[in-house]
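What follows is a set of notes on a single structure, which appears directly below.
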Ligand code: GDP
Ligand code: MG
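In the UniProt record's numbering, the protein residues as written are 8 to 169.
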């Protein structure tokens, strides 16, 4: 079986946009409305001669009350099934309760967890990513999934972690 990379995070942080970068085509549905992606869609990807599976997650019902519980379940599932977990946080919004709930689960992951500060569209916004250190998952990795900024370097890092 191919190594599995699971992309997790709360709705609207840019998971599907990042997955599209990883697979090099527009297959994951990007939506301004949270909750549109169906649960756990797997794609095959190729980078630097390595083939792997990328799993886009997060199609839960966007009920405010259940969000933290949903993301905790999503993170638990990723820990059971993935070789590398990518937690995506929206650096323009900053750390939310839901991000904290995901991080709390992922801090006990035996698999490597890569913390991505997404929506860092320019150098100016990089300072905002520093807040993500508070999640206790190590150094946040600033990217712009939308513009592709640092996406290749992130994929290198993901593959090195496998
Ligand atoms: P998901 O719910 O986590 O899968 O998020 P989506 O990939 O569907 O993206 C949600 C919204 O954020 C869309 O409007 C995207 O265009 C936007 N978005 C995603 N990545 C970036 C980014 O790097 N920068 C900016 N400015 N917007 C982004
Ligand atoms: Mg999505």
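Note that CB positions come from ideal geometry on N, CA and C, so glycine has one too.
Spatial neighbours of residue 164 in its own chain (CB-CB distance under 8 Å, excluding positions within 5 residues in sequence) are listed in chain order as 121, 148. At a Cβ-Cβ threshold of 8 Å, residue 31 and residue 152 do not count as neighbours. In the displayed model, residue 129 falls within coil according to three-state DSSP, outside both helix and strand. Residue state for residue 63 is assigned as strand, using DSSP reduced to three classes.
A direct Cα-to-Cα measurement between residue 57 and residue 141 gives close to 33 Å. Residues 122 of the same chain have their beta carbon placed closer than 7 Å to that of residue 145, with the five preceding and five following residues left out of the count. Bridge partners of residue 149 according to DSSP: 124. At a Cβ-Cβ threshold of 8 Å, residue 125 and residue 150 count as neighbours.
Membership of residue 51 in the beta strand (DSSP E) is indicated by the continuous run 48-54. Taking the Cβ of residue 97 as the reference point, every heavy atom of the ligand MG lies at 7 Å or farther away. Between the alpha carbons of residue 159 and residue 28 lies a distance of about 8 Å. By the C-beta density criterion, residue 131 is exposed, having fewer than 16 other C-beta atoms within 10 angstroms.
In this structure residue 16 is buried. Its beta-carbon is surrounded by 16 or more other beta-carbon atoms within 10 angstroms.
The beta carbon of residue 23 sits closer than 7 Å to at least one heavy atom of the ligand MG.
Per DSSP, residue 13 is not a residue of any alpha helix (DSSP H); the beta strand (DSSP E) it occupies stretches across 11-15. In the structure shown, residue 106 falls within a helical segment according to DSSP collapsed to helix, strand and coil. In the three-state scheme derived from DSSP, where H, G and I count as helix and E and B as strand, residue 94 is classed as strand.
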